[in-house]
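**Q** Okay, handing you the structure first.
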Amino acid sequence: MKSTILSRRDLDFLLYEWLRVEELTALPRFAEHSRETFDGVLELCEQLAERYFAPHNKLSDANEPTFDGTTVTVIPEVKVALEAFAKADLIGMSFDAELGGAQLPTAVAQAGFAWISAANISTSGYLMLTIANANLLAEFGTPEQVDRFVKPMLAGRFTGTMALSETQAGSSLADITTRAEPQDDGTYRVYGTKMWISGAEHEMSENIVNLVLAKIPGGPAGTKGISLFIVPKYIVDADGTVGARNAVAISGLNHKMGQRGITNTVLNFDGAVGYLVGEPHRGLAYMFHMMNEARLGVGMGAVALGYTGYLKSLDYARERPQGRLVKDPATPQVPIIAHADVKRMLLAQKSYVEGALGLALYCAKLTDLGERELLDILTPIAKSWPSQWCLEANSLAIQVLGGYGYTREYDVEQHYRDNRLNPIHEGTHGIQSLDLLGRKVAQNGGAAMTALANRIADTVARAGDDPMAAQLAAAWQRLVEVTATMFAGDDPVVTMANSAVYLEAFGHIVIAWVWLEQHLAAFAKDGDFYEGKRQAARFFYRYELPKVYPQLDLLASLDRTTLDMQSSWF
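The sequence shown begins at 1 in full-length UniProt numbering and counts up by one.
What follows is the structure, given as C-alpha cells:
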C-alpha cells in the first residue's frame, strides 16, 4: 500500500532522475556517500515518520501543551518521537563530521526531513528550529560555544529556538527594545520580552538554547545596533555540565489555529545570562543565516503539508463512489475520481505540490553546491510560493472530500489549519516580496537575476520546439521587461507598492520553469508515473502560467490604487 504521508517515488525521481544528486559524491565533502547511503536515510526517515510522528499528529492537535504557571506539559508521544529521531543520528545529517554530523548533502537531508514534516509538522518544528540554531552557531560561534551548545543539540540533549519578535515591534526588528548589559566577566545580562517564540519552554530536553536578538546600550540606532546572544534555559558550565536555571521564563502560551503541538510562548528575560555571538552590533547579519534556513524550512513544511493532503484526497477520491458519468447516467455509481471537476482539483494539487517540492529540493542542492547568488533570489519564492499555493492544495483537498473534508474525523482539515500559519511564519508574503523586489532583484547589478535568467534560458534551449519552452521564454521575457519598467520610475514607493503581486507572478514563472525541467526529466519514459508528470506540467502551463499576464500588466502600469487609498475611506 502506498504511503499517504509522502511519495517516495516522486522523491526518487526528483533527487536521482532530475537533480542527479549522486553526482554530488564527486565532491570531497560527500565522497564517503553513495546512492545506497542516500536511500538508507530516506527509508529510515519514512520509517520514523510512520512509526513515531504520524500516529500522534491528531492527538497533539487535540491536546495542546498546557502551562500551569510553573511547568509546560506536552503529551509524552512528542518526546518519544524526538528521541527516536535523535537516536537515529539524524539531527546532524548535513553537519560536519567533526561535529558528529554525517556530512550528507542538504538535498538528501531535506528530502528525508520532509517525511517528518508531512507526518507531524508540530513535532518536526522542534527539530527544524534546533537544526537551524545549531547551523548558525557552527558558522559564527566560538569553539567553546560549539562544544557547549552545538554538540549537545546535535546529540539530541538540547533543543534550540530563535527569539526575534517583540509585541511592539513585530517584524520591524529595528524597533526591538530587549537590551543586553555587558558584565566584567565577558557575559551579558539580558532584559526584555519576546513574543511568538516556538519551542522555548518544555521539559523534553536537558536544556533549551535560545538565540536572542538584543541591543547593547550605546550602540548604533536601528538594525545596525542589534547583537545576537545565546541565552540558555539553564546555565552550562565550562565542562559542559548543565547547572542552575537562568533568568528565562514564560508568562504564557499562545493558542494558534494550527500547529498546536509545538509550544509557542511569550518569553521573558529578567537579567538572564547571555553570551555574545560573534561581534557586537552584527547580530542581524548572523541571524539571517538562521532566518534564511528557517524560511526554506517553512517552505518545505508547507510543501509537506500540501503533499500529504493531496495524497489523502487522492486516496479518498479513488475509493469514494458517488454520482454517475454524464455520458451514461444509468450505470452504477463511480468513484469520484472519474468526474472531470475532481480530476481538475487533483491535478491542481499535484501541479502545486510536486512543483513546489522540486523547487525546495533544487534550493537544497544549491546549498550543497555553494551557489549562494541563485539561492538568495529563490529563497523568498521558496518560502512564500508553497505557503500560498500548497495551502490552496489543502483547500482543494477539503473540497475533494466534500462534507467529510471539514470534519475532524479526517486529516485534511487539520493540514489546512496547520499550513495556514506558514504564510506568516518567518516573514509574511509582503515582507518576502519587499526582499525579492527591493533587494534580491537589483543587488550586485542584478547578478542573481542574470544567473536565474541563464538557467531558464538553458532549460528553454534543451526543450527545443516543445510548446512549453516558448511559453516559459515569453513569460520570463515579459517579467524582465516589467521589472525594468518598475525600476525606471523615480519613485521607489510606487515601485514597491505592488511587490506582493510581483512575488506571486515571479513565483509562478519559477514553478513553470521547475515543471519544464521535470517534463524534460520524464521525456520519452514510459509508465503511469511519467505520464502523470507530463500531464501535471501541461496543466500548470494551461491553467496556471497564463495567470501571470494580468498581474504583469498591472505592475507595468505602476498602479497607485493601493497607495492612493486613504485610511478614512475604509
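Every residue gets a Cβ at the ideal spot worked out from N, C-alpha and C, and that includes glycine.
Relative to the alpha-carbon of Thr167, which residue among Arg157, Thr178 and Gly405 has its alpha-carbon at the smallest distance?
**A** Thr178
**Q** Please go through the same chain and pick out, in chain order, the residues whose beta-carbon is closer than 7 Å to the beta-carbon of Met565, but skip the five residues on each side of it.
**A** none
**Q** Assuming the contact rule is C-beta atoms closer than 8 Å, Leu267 and Val248 should be a hit. Round their C-beta distance to whole Å, please.
**A** 7 Å
**Q** Within its chain, find whatever has a CB closer than 7 Å to the CB of Thr130; leave out the 5 residues flanking it on each side and keep chain order.
**A** Ile91, Met153, Thr159 and Gly160
**Q** Around the C-beta of residue 579, are 16 or more other C-beta atoms found within 10 angstroms, so that it is buried, or is it exposed?
**A** The shown model of the chain, from 1 to 570, leaves out residue 579, and the question about it has no answer.
**Q** In the DSSP assignment, the alpha helix (DSSP H) including Ser351 goes from what residue to what residue?
**A** Ala340 to Leu369
**Q** Between which two residues does the beta strand (DSSP E) containing Tyr188 stretch?
**A** Tyr188 to Ser198
**Q** I need the DSSP call for Gly69, collapsed to helix, strand or coil.
**A** Secondary structure at Gly69: coil, using DSSP grouped into helix, strand and coil.
**Q** Run through the UniProt domain "Acyl-CoA oxidase/dehydrogenase middle" (162 to 270) for me and flag every whole beta strand (DSSP E) of 3 or more residues, listed as ranges in chain order.
**A** 179 to 182, 188 to 198, 207 to 215, 226 to 232, 234 to 236, 242 to 245 and 248 to 253
**Q** Within this structure, are the beta carbons of Leu15 and Ala109 separated by less than 8 Å?
**A** Against a cut-off of 8 Å, the Cβ pair of Ala109 and Leu15 comes out as no contact.
**Q** For Thr255, count neighbouring Cβ atoms within 10 angstroms of its own Cβ and tell me buried if that reaches 16, exposed if not.
**A** The sequence shown places His at residue 255, not Thr. The residue is exposed, with fewer than 16 neighbouring Cβ atoms inside 10 Å.
**Q** Determine the extent of the alpha helix (DSSP H) in which Val80 is found, giving its start and end residues.
**A** Pro76 to Lys87
**Q** Enumerated in chain order, which unbroken segments of the beta strand (DSSP E) with a length of 3 residues or greater are wholly contained in the UniProt domain "Acetyl-CoA dehydrogenase-like C-terminal" (453 to 566)?
**A** The UniProt domain "Acetyl-CoA dehydrogenase-like C-terminal" (453 to 566) contains no complete beta strand (DSSP E) run of 3 or more residues.
**Q** Using C-beta distances below 6 Å, list every residue in its chain close to Ala356, excluding the 5 sequence neighbours before and after it, in chain order.
**A** Val303, Pro386 and Cys390
**Q** Suppose you measure from the CA of Arg538 to the CA of His519; what does that come to, to the nearest Å?
**A** 9 Å
**Q** Tell me whether Phe38 sits in a helix, a strand or coil according to DSSP, three-state version.
**A** helix
**Q** Apply the 10 Å Cβ neighbour rule to Trp115 and answer buried if 16 or more other Cβ atoms are within range, or exposed otherwise.
**A** buried
**Q** Taking buried to mean at least 16 other C-beta atoms within 10 Å of its own C-beta, is Ala49 buried or exposed?
**A** buried
**Q** Does the separation of the CB atoms of Leu479 and Ile431 fall below 8 Å?
**A** no
**Q** Can you list, in chain order, the residues of its chain whose CB lies under 7 Å from that of residue 571, leaving out five sequence neighbours each side?
**A** In this structure the chain extends from 1 to 570, so residue 571 is not present and cannot be described.
**Q** So Leu374 packs on Ala448, CB below 8 Å; how close in whole Å?
**A** 6 Å
**Q** For Ala272, which three-state DSSP category applies?
**A** strand
**Q** CA-CA distance, Phe540 and Lys79?
**A** 41 Å
**Q** Can the beta-carbon of Leu136 be found less than 8 Å from the beta-carbon of His281?
**A** Result no, Cβ atoms of Leu136 and His281 do not sit closer than 8 Å.
**Q** Look up Thr159 in the DSSP assignment and give the residues it is bridged to.
**A** Ile208
**Q** To the nearest angstrom, report how far apart Tyr410 and Arg560 are at their CA atoms.
**A** 44 Å
**Q** So what does Pro321 bridge to, in DSSP terms?
**A** Pro335
**Q** Measuring alpha carbon to alpha carbon, tell me which of Gln388, Tyr406, Gln414 and Ala461 ends up nearest His425.
**A** The shortest Cα separation from His425 among Gln388, Tyr406, Gln414 and Ala461 belongs to Gln388.
**Q** Kindly provide the ranges of any alpha helix (DSSP H) runs that are 4 or more residues long and lie completely inside the segment 364 to 444, ordered along the chain.
**A** 372 to 401, 412 to 419 and 429 to 435
**Q** Classify Glu23 as helix, strand or coil using the three-state DSSP reduction.
**A** Correct three-state label for Glu23: helix.
**Q** Does the segment 256 to 266 come close enough to the segment 335 to 348 that 3 or more CB-CB pairs lie under 8 Å?
**A** No contact exists between the segment 335 to 348 and the segment 256 to 266.
**Q** Establish whether the CB of Thr167 and some CB of chain C are separated by less than 8 Å.
**A** Given the protein chain composition of this structure (a single chain), no chain C is represented.
**Q** Residues in its own chain within less than 7 Å of Gln322 by CB, not counting five upstream and five downstream?
**A** Excluding sequence neighbours, Gln322 sits near Gln333 and Ile336.
**Q** Between the C-alpha atoms of His415 and Thr4, what's the straight-line distance to the nearest angstrom?
**A** 13 Å
**Q** Can you list the alpha helix (DSSP H) stretches of 4 or more residues lying completely in the segment 278 to 320, in chain order?
**A** The DSSP assignment places complete alpha helix (DSSP H) segments of no fewer than 4 residues inside the segment 278 to 320 at 283 to 319, in order along the chain.
**Q** If contacts are defined as beta-carbon pairs under 8 Å, then Asn394 and Leu311 qualify, I think. What distance do you get, rounded to the angstrom?
**A** So it is not a contact: roughly 12 Å between Cβ atoms.
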